[in-house]
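A.B. asks: Per numbering that gives the first Met the number 0: the sequence shown = residues 0 to 106. The C-beta atom is built at its ideal place from N, Cα and C for all residues, glycine as well. Take a look at this one; I'll ask things after.
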Amino acid sequence: MFVLGRVGSVSATLFLAFILALAMLVALGLYAPDMLNWILNGADRVEDWLTHTGLPNRYNNLVRLFLGDEQLTFLFFTIIARIIIAIVASAFVAAVKPKSKIDKAFG
Numbered sequence: 000m001f002v003l004g005r006v007g008s009v010s011a012t013l014f015l016a017f018i019l020a021l022a023m024l025v026a027l028g029l030y031a032p033d034m035l036n037w038i039l040n041g042a043d044r045v046e047d048w049l050t051h052t053g054l055p056n057r058y059n060n061l062v063r064l065f066l067g068d069e070q071l072t073f074l075f076f077t078i079i080a081r082i083i084i085a086i087v088a089s090a091f092v093a094a095v096k097p098k099s100k101i102d103k104a105f106g
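Quick look at the structure:
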């Protein structure tokens, strides 16, 4: 039962991060297009750097195929969303359950 709860929690977190990242991306595009342009240019530079690392063609082709500036940009927003979700969830858990058994055992 614990495994199913854990899988459900991880799935819900990933889905929420996906939605939050998409919302942040759209909001940034609508309200701060210059900043989004700056982020896209940075992702393009990272993509160029990753595809010109001198890897053999059999690996470099896969990097070029699966790693575009759009994917890097969305990955960046997803990581930020995961950090926001972790901070909010930690604050919620601390408010609901202030002292856990581990805290009592170690200090």
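Of the residues Ser89, Asn40 and Gln70, which one's Cα is nearest the Cα of Ala20?
C.D. replies: Ala20 has its Cα closest to that of Gln70, out of Ser89, Asn40 and Gln70.
A.B. asks: With DSSP collapsed to three states, give me the class of Ala80.
C.D. replies: helix
A.B. asks: How do the stretch 16 to 30 and the stretch 63 to 78 stand: do at least 3 beta-carbon pairs fall below 8 Å, yes or no?
C.D. replies: yes
A.B. asks: Determine, using beta-carbon pairs with one atom in the stretch 34 to 46 and one in the stretch 62 to 69, whether at least three such pairs fall under 8 Å.
C.D. replies: yes
A.B. asks: Who are the Cβ neighbours of Thr72 in its own chain at under 7 Å, not counting the five residues just before and after it?
C.D. replies: Contacts found: Ile38, Leu39 and Ala42.
A.B. asks: Whole angstroms are fine: how far does the CA of Leu24 sit from the CA of Arg5?
C.D. replies: 28 Å
A.B. asks: Nearest CA to the CA of Ile83: which residue from Leu3, Leu15 and Ser8?
C.D. replies: For the residues Leu3, Leu15 and Ser8, the minimum Cα distance to Ile83 belongs to Leu15.
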